[in-house]
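Asker:
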Amino acid sequence: MTILDHHLADSAFVGGENLSIADIPVGIMVYRWFTLDIERMELPSLNRWYQKLTGRPAYKDAVMIGLT
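So for the sequence shown, numbering that gives the first Met the number 0 puts the first residue at 0; every next one is plus one.
Written as structure tokens, this is what we have:
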């Protein structure tokens with residue numbers, strides 16, 4: 000996650016300045032990581048990017064669902 004945080008420090012999204020298909024699989028992985036009950040280091044760029052994703056209705060509907 001540290002590598003991703005460093006990348007996102009210079010980029011709004013994974014693939015550049017606009018949301019792209021690259022953000023979808025990474026966004027799924029990051030959502031699962033945030034739902035784990037673990038201690039996390041401070042990753043400000045990752046958190047900023049993740050907040051952008053969680054504000055999108057399609058992300059909420061398709062990704063932010065429980066595991067069954």
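Heads up, the beta-carbon is just placed ideally off N, CA and C, and yes, glycines get one too.
#1: Check the C-beta distance from LEU52 over to GLY15 and give it rounded, since I have them as a contact under 8 Å.
#2: How many Å lie between TRP48 and ILE64 at the Cα?
#3: Would you identify the three-state DSSP class for GLY15, choosing helix, strand or coil?
#4: Quick check on LEU35: buried or exposed, where buried means 16 or more other Cβ atoms within 10 Å of its Cβ?
#5: Please report the Cβ distance between PHE12 and ASP4, rounded to the nearest whole angstrom; I am assuming they are in contact, meaning their Cβ atoms lie under 8 Å.
Answerer: Straight from the coordinates:
#1: Looking up residue 52 in the sequence shown gives position 53. Looking up residue 15 in the sequence shown gives position 16. Not confirmed; about 15 Å, so no contact.
#2: Translated into positions along the sequence shown, residue 48 becomes position 49. Translated into positions along the sequence shown, residue 64 becomes position 65. Their Cα atoms are separated by approximately 19 Å.
#3: Residue numbering aside, residue 15 sits at position 16 when the sequence shown is read from its first letter. GLY15: strand per DSSP, three-state reduction.
#4: Against the sequence shown, residue 35 aligns to sequence position 36. Exposed, because fewer than 16 other Cβ atoms sit within 10 Å of the Cβ of LEU35.
#5: Residue mapping note: residue 12 aligns to position 13 of the sequence shown, counting from 1. Residue mapping note: residue 4 aligns to position 5 of the sequence shown, counting from 1. Their Cβ separation, rounded to whole angstroms, is 14 Å, which puts PHE12 and ASP4 out of contact at 8 Å.
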